[in-house]
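Numbering (the numbering used here), first residue to last: 204 to 289.
Glycine residues also receive a C-beta, built at the ideal position from the N, C-alpha and C atoms.
In this text, all values refer to a predicted model and were calculated from it rather than measured experimentally.
Contents: one structure, followed by commentary.
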Amino acid sequence: MKFNKELAKKILIWTFAVLICGYVAWDVSLKVVNYFRTQGYEYAIVEIVNQAENEDCGYFPIFIGDKEINLINVECLQSSEEEINN
């Protein structure tokens with residue numbers, strides 16, 4: 204069986220093309236996932252800040268899985284102390 208250089212060259216080119224396309228697709232998908240993950244974190248932080256700035260200075264719950272904690276703005280606590288001292 205004779206070695207066909209032209210066929211080997213085509214196979215090599217197609218192999219590299221497929222590998223490059225696969226790498227580019229993987230890289231793009233990874234960047235998209237990381238972008239949306241970052242957007243989700245940013246959205247969560249913005250929501251926490253918005254809830255902390257509420258007018259009635261009440262606490263608000265944060266849920267993570269089965270855990271629940273209540274948060275309150277520190278400025279609300281400081282204004283409560285000032286009202287008590289006056």
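Practice prompt. Give me the Cα-Cα distance between Lys270 and Phe263, rounded to the nearest whole angstrom.
Written response: Taking the first residue of the sequence shown as 1, we reach residue 270 at position 67. Taking the first residue of the sequence shown as 1, we reach residue 263 at position 60. Each residue's Cα considered, the two are about 14 angstroms apart.
Item to complete: State yes or no: is the C-beta of Asp230 nearer than 7 angstroms to some heavy atom of the ligand SAH?
Response: Ligands are entirely absent from the displayed structure, and the ligand SAH is therefore not among its contents.
Item to complete: Would you kindly report the start and end of the unbroken alpha helix (DSSP H) that includes Glu258?
Response: Residue numbering aside, residue 258 sits at position 55 when the sequence shown is read from its first letter. No alpha helix (DSSP H) holds Glu258; DSSP gives it neither H nor E.
Practice prompt. Would you mind stating whether Glu256 and Asn276 have Cβ atoms separated by less than 8 angstroms?
Written response: Along the sequence shown, one-based indexing puts residue 256 at 53. Along the sequence shown, one-based indexing puts residue 276 at 73. In contact: Glu256 and Asn276 (Cβ atoms closer than 8 angstroms).
Worksheet item: Can you give the Cα-Cα distance for Leu280 and Trp229, rounded to whole angstroms?
Response: Residue 280 sits at position 77 when you count from the first residue of the sequence shown. Residue 229 sits at position 26 when you count from the first residue of the sequence shown. Roughly 49 angstroms separates the two Cα atoms.
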